[in-house]
Amino acid sequence: MAAMEQTQRSRRAKDAPLRADIRRLGDLLGETLKKLGGQQLFETEERVRLLCKRLRAMPSLADERRLKRLLRNLDLDETIGVIRAFAVYFQLVNIAEQHHRIRRKRHYELHTPNHPQRGSLADTFQRLSNDVASPEEMSHLVQQIIDRLEVVPVMTAHPTEAARRTLLMKHRRIADLLAAFDRRDLTPRERDRLQERLAAEVELIWQTDEVRQTQPTVLDEVGNGLYYFDATLFDALPTLLEELQRRLDESYPGVRLRDGAAPIRFGSWIGGDRDGNPYVTPEVTWEALRRQQRLILRKYLTAVADLSQRLSQSERFAPPTEELRASLAEDARLMPEVADEIARRNPEEPYRQKLSFIYVRLENTLRRNRDLASALRIESPQTLISTRPGLPIIALLTRPKGASDRVYRTGRELWEDLRLIRDSLLANQATHAAREVDRLMRQTAAFDLHLATLDLRQHSERHTAALAELTRALGMNEDYAQMAEPARVAWLTEELISPRPLFSPDARFSDETTETLNVFRVARRALDEISPGAIRTYIVSMTRDASDLLAVLVLAKQAGLWQWPTDGDGALPMSRLAVVPLFETIDDLRRAPDVMGRLFENPVYQKHLQAHANLQEIMIGYSDSSKDGGILTSAWELYKAQERLWAQARARGIELRLFHGRGGSIGRGGGPTHEAILAQPPGTVAGRIKITEQGEVISSKYGLLEIALRNLEMTTAAVIAASLPREDDARAARWKEAMERISEEAFAAYRRFVRETEGFYDYFTQATPIEELQHLRIGSRPTKRKVGSRSLDDLRAIPWVFGWTQSRHLVPGWLAVGTALESFLRRSPRAHLRLLREMYRAWPFFHSTLSNVEMALAKADMQIARQYATRTSDKKLGRRIFRLLAAEYERTRRMVLAISGEKRLLDNWPVLQRSIAVRNPYVDPLSYLQVELLARKRAGASGACEAASAERDKLLYAVLLTINGIAAGLRNTG
Numbered sequence: 000m001a002a003m004e005q006t007q008r009s010r011r012a013k014d015a016p017l018r019a020d021i022r023r024l025g026d027l028l029g030e031t032l033k034k035l036g037g038q039q040l041f042e043t044e045e046r047v048r049l050l051c052k053r054l055r056a057m058p059s060l061a062d063e064r065r066l067k068r069l070l071r072n073l074d075l076d077e078t079i080g081v082i083r084a085f086a087v088y089f090q091l092v093n094i095a096e097q098h099h100r101i102r103r104k105r106h107y108e109l110h111t112p113n114h115p116q117r118g119s120l121a122d123t124f125q126r127l128s129n130d131v132a133s134p135e136e137m138s139h140l141v142q143q144i145i146d147r148l149e150v151v152p153v154m155t156a157h158p159t160e161a162a163r164r165t166l167l168m169k170h171r172r173i174a175d176l177l178a179a180f181d182r183r184d185l186t187p188r189e190r191d192r193l194q195e196r197l198a199a200e201v202e203l204i205w206q207t208d209e210v211r212q213t214q215p216t217v218l219d220e221v222g223n224g225l226y227y228f229d230a231t232l233f234d235a236l237p238t239l240l241e242e243l244q245r246r247l248d249e250s251y252p253g254v255r256l257r258d259g260a261a262p263i264r265f266g267s268w269i270g271g272d273r274d275g276n277p278y279v280t281p282e283v284t285w286e287a288l289r290r291q292q293r294l295i296l297r298k299y300l301t302a303v304a305d306l307s308q309r310l311s312q313s314e315r316f317a318p319p320t321e322e323l324r325a326s327l328a329e330d331a332r333l334m335p336e337v338a339d340e341i342a343r344r345n346p347e348e349p350y351r352q353k354l355s356f357i358y359v360r361l362e363n364t365l366r367r368n369r370d371l372a373s374a375l376r377i378e379s380p381q382t383l384i385s386t387r388p389g390l391p392i393i394a395l396l397t398r399p400k401g402a403s404d405r406v407y408r409t410g411r412e413l414w415e416d417l418r419l420i421r422d423s424l425l426a427n428q429a430t431h432a433a434r435e436v437d438r439l440m441r442q443t444a445a446f447d448l449h450l451a452t453l454d455l456r457q458h459s460e461r462h463t464a465a466l467a468e469l470t471r472a473l474g475m476n477e478d479y480a481q482m483a484e485p486a487r488v489a490w491l492t493e494e495l496i497s498p499r500p501l502f503s504p505d506a507r508f509s510d511e512t513t514e515t516l517n518v519f520r521v522a523r524r525a526l527d528e529i530s531p532g533a534i535r536t537y538i539v540s541m542t543r544d545a546s547d548l549l550a551v552l553v554l555a556k557q558a559g560l561w562q563w564p565t566d567g568d569g570a571l572p573m574s575r576l577a578v579v580p581l582f583e584t585i586d587d588l589r590r591a592p593d594v595m596g597r598l599f600e601n602p603v604y605q606k607h608l609q610a611h612a613n614l615q616e617i618m619i620g621y622s623d624s625s626k627d628g629g630i631l632t633s634a635w636e637l638y639k640a641q642e643r644l645w646a647q648a649r650a651r652g653i654e655l656r657l658f659h660g661r662g663g664s665i666g667r668g669g670g671p672t673h674e675a676i677l678a679q680p681p682g683t684v685a686g687r688i689k690i691t692e693q694g695e696v697i698s699s700k701y702g703l704l705e706i707a708l709r710n711l712e713m714t715t716a717a718v719i720a721a722s723l724p725r726e727d728d729a730r731a732a733r734w735k736e737a738m739e740r741i742s743e744e745a746f747a748a749y750r751r752f753v754r755e756t757e758g759f760y761d762y763f764t765q766a767t768p769i770e771e772l773q774h775l776r777i778g779s780r781p782t783k784r785k786v787g788s789r790s791l792d793d794l795r796a797i798p799w800v801f802g803w804t805q806s807r808h809l810v811p812g813w814l815a816v817g818t819a820l821e822s823f824l825r826r827s828p829r830a831h832l833r834l835l836r837e838m839y840r841a842w843p844f845f846h847s848t849l850s851n852v853e854m855a856l857a858k859a860d861m862q863i864a865r866q867y868a869t870r871t872s873d874k875k876l877g878r879r880i881f882r883l884l885a886a887e888y889e890r891t892r893r894m895v896l897a898i899s900g901e902k903r904l905l906d907n908w909p910v911l912q913r914s915i916a917v918r919n920p921y922v923d924p925l926s927y928l929q930v931e932l933l934a935r936k937r938a939g940a941s942g943a944c945e946a947a948s949a950e951r952d953k954l955l956y957a958v959l960l961t962i963n964g965i966a967a968g969l970r971n972t973g
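Residue numbering for the sequence shown follows numbering that gives the first Met the number 0, starting at 0 and increasing by one per position.
Spelled out as structure tokens, the structure:
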């Protein structure tokens, strides 16, 4: 008992600063409500809050009736005011919690250096030091992993970020002010000034509309993504690499990051992902690439200018190396128009002179970027592709003679110029100054001239349609779409070897095929004119067979991205684009190893892989597999697919890089990234990983510098740990056999619930705000693959999860798990319970999977979900489906607790448990209000007059406000 009390006191002490921040922000919000909303709004909000808090503490039918009556009697303006009060409160709480994470990280570093924070590099290396391997063996293993380390977070524009960018910037300023309050030497005047500035930011948030009034364009989404690179990631990356080298020096002296290596770099889908998004055109892709380059060049210009201010060493005291002298002479020869001015301005200051030349070349490169929009010159008729009106011809720029000497064509050129400065500084023992240059070199190695590598993605059917049209134009007896798979592979293979193009320069095709072909032309131009690393991969959604990847190479060939060698059998093809299959559904995951096996046997594809250092990237989809077969089966099929894919690759000497298409929520493969990486099958990480970062996850992970550092560090540490050789536990065969049986039952149960239960989809549309989500304007991509469809297959995984989350069901995170586990236990209750508990304790995969289910259960609230069920238009349907879901929820909760040994959900995660418990009474008012507003909206405001139309618009606006507020309160959307 005493130990428990001590633990509770310790937790209260740790959380005291957080509580103080929330109280400060809450008080300021209360003052703002009174001042700008009026005393009545403040009092109404307080009544609603206290009633919901009381209902949580002691459920009462009478209190529930009072609450509903109170909300029902509010007019629409009053309702909007109350919604906004709670929504803004959650914005402020989220900021406070993020800042507290930074505070706790600093606490660990200051006060517990021998017990580093869980998941940090220090913690990881400390744990590895306990390994049975000798220090020499471990150092060798770690060096091998560091040499091949490749961590690639990929930013996507999947529409789950409900908060506007203008609000995110205000959130960042509030976080900075909270950090300033932590100073212990603040004078009363300074504290008062901080309080005033904080009050001003809260007022600004209150008077800012959190609902977007216009649908964001793809280029708006590009701008949103660039914000994080500008605000945090550019600075976070070198800081993390410095920390990695420091920890390596402490634990494994001699293990070094390779000079010029980029163990962490970034990818993006924003502007390249065209699967189901008609607004991602070739023009948009090109503009996205230009904007990315503009940002990174501006960041380099600022950094170079800063270095130039500081590196004022005179050659009298720090003479440059001969290599640097020769470089300055060459710069003066190539840029005589600026050489005299540079020499006059900085005589006898060689480092400033070199930095000035670098600055001019960067400026020229930036100027060239601006010219790329209009300087379209046709080098030959073969570059012309039939266009529709308004679609520009995508052609290579004619390079003016000598221009490449006055601009940077690759990031490596910039890196080499910086290396000359660093090495000369080191030769003069100026190690601290050299370290500053080295920091910019790390940024240059990672961001190059393109900032983030843009992945292209398109559905396999679009390639099939394009090739079908091309083969019809060729007059073939059977067009491509009608060919059987063996015939397709044979024809594609022959085309890849053939030197002739598929069509003549004056050929004309449909708009869709023209656009498909122009995407590849954009890719070639980007590689020639932006950066050789601007685009590396082309992802094929819904890959079903080997021909789906060979088809992309044939289309790439038409743009000059592929060419079969003509000078002997040993030569490799010119292949500038890697093709990546995306296996998404349960069936696709099961067939993936066989598909890749056939592809690996293709002699032409073997040559293609050799041209890419025998490295094959494969993307596996969490969202669609979970929607297709449920969370448990999805997790297991993903696990098995990775094992089998690696077996196929190893048998042929091929390396894999697995790309994990994880969503933000549990139902879409979300959850703690660190644990997820450690839970991957042994031998499948191997130093390389790509992971999508989506929606609200991006702002929560990368919105603040210290949080961005923490997340990147945890991901990197997990990849290193997961890449060390691990043998399967001797009990693994038994565990896998049990998991297979459980998964089979889970899959059957999920399909019964979702596919076979009459009215299930109708319940989803009636008991969630799914239809209203399309008005939220949080993304450019439509919510359905086919407009107007009422099929689950055509509904995207994001709105599927988003809707269930809003209504507090969180069905995708737990459905069918309880039935499957209960069925497994029923066969042999005692023995199987022992086995499941053993799996939970000793098998990272099963522990991670069950923990994710537990988190979804804890965030779900069936009492609130019942409110949505009772207001469905079909009352009988609502009662019937809700009873099924409530019973399955309880069954799953009971099974999870039996296996984990906990008394309550999240007993093993007290911080998260406490956070959910504290938030729920404040989320509940928004849920009750959303239920009431949905009922009003669906009842419909009668009449076609202007007043009725305005009322409908205001009602929809209020619903959208509740969606934003609940998303902020649950810290989860889709």
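Ideal placement from N, C-alpha and C gives every residue a C-beta, glycine not left out.
Given the structure is predicted, the values throughout are model-derived calculations rather than measurements.
Rounded C-alpha distance that separates residue i from residue j
i, j, result
"D370", "N363", "10 Å"
"N93", "R807", "19 Å"
"Q679", "A721", "8 Å"
"N710", "E241", "15 Å"
"E435", "A121", "23 Å"
"E743", "A61", "45 Å"
"L928", "G37", "20 Å"
"D447", "L140", "29 Å"
"Q615", "F599", "10 Å"
"L24", "I706", "20 Å"
"R360", "I173", "38 Å"
"L978", "F844", "The structure shown does not extend to residue 978, since the chain is modelled only from 0 through 973, so no value can be given for it."
"H170", "V930", "29 Å"
"T159", "I101", "At T159 the pLDDT is 46, less than 50, meaning the model places this residue with poor confidence and gives no usable figure here."
"G802", "N72", "27 Å"
"A48", "A949", "Just to set this straight, residue 48 is Arg in the shown sequence, not Ala. Looking at the two C-alpha atoms, the distance is approximately 29 Å."
"E220", "E286", "12 Å"
"A342", "P335", "11 Å"
"P215", "L809", "27 Å"
"K556", "L495", "7 Å"
"R297", "P112", "38 Å"
Nearest candidate by alpha-carbon position, reference residue i, set the options
i, options, result
"I962", "L925, I144, G939 and S133", "L925"
"E889", "I295, M618, L814 and L849", "L814"
"L167", "T186, G224, N113 and L127", "G224"
"A796", "T123, A467, T155 and Y621", "Y621"
"L959", "G939, L932 and R937", "L932"
"V800", "T764, A342, V684 and R438", "T764"
"M595", "Y867, W645, K67 and R344", "W645"
"K52", "P920, E950, K936 and Y956", "P920"
"K639", "V153, K735 and N476", "K735"
"P909", "E853, T430 and D229", "E853"
Close Cβ partners of residue i (< 7 Å) along its chain, the five nearest in sequence each way excluded
i, result
"R487", "Y479 and S546"
"H863", "The sequence shown places Ile at residue 863, rather than the His named in the question. Answer for I863: R807, D923 and S926, listed in chain order."
Residues near residue i by beta carbon distance below 8 Å, same chain, minus five either side
i, result
"R840", "H846"
"L849", "Y839, V895, I898 and S899"
Exercise for the section: Please determine if the segment 340-353 and the segment 312-325 are in contact, where contact requires at least 3 C-beta pairs separated by less than 8 Å. Expected result: Contact between the segment 340-353 and the segment 312-325 is present, because at least three Cβ pairs lie under 8 Å.
Handout entry: Touch test, the segment 247-259 against the segment 134-148, Cβ-Cβ under 8 Å, three pairs minimum
Key = With the cut-off at 8 Å, the segment 247-259 and the segment 134-148 touch.
Handout entry: 4 or more residues per run - each alpha helix (DSSP H) lying fully within the segment 466-533
Key = For secondary structure counted as the alpha helix (DSSP H) over 4 or more consecutive residues, the segment 466-533 holds these complete runs in sequence order: 484-496 and 510-528.
Practice task
Could you tell me whether the segment 191-201 touches the segment 66-80, where touching means 3 or more Cβ pairs closer than 8 Å?
Solution key: Remark: fewer than three beta-carbon pairs, one from each stretch, lie closer than 8 Å, so the segment 191-201 and the segment 66-80 are not flagged as touching.
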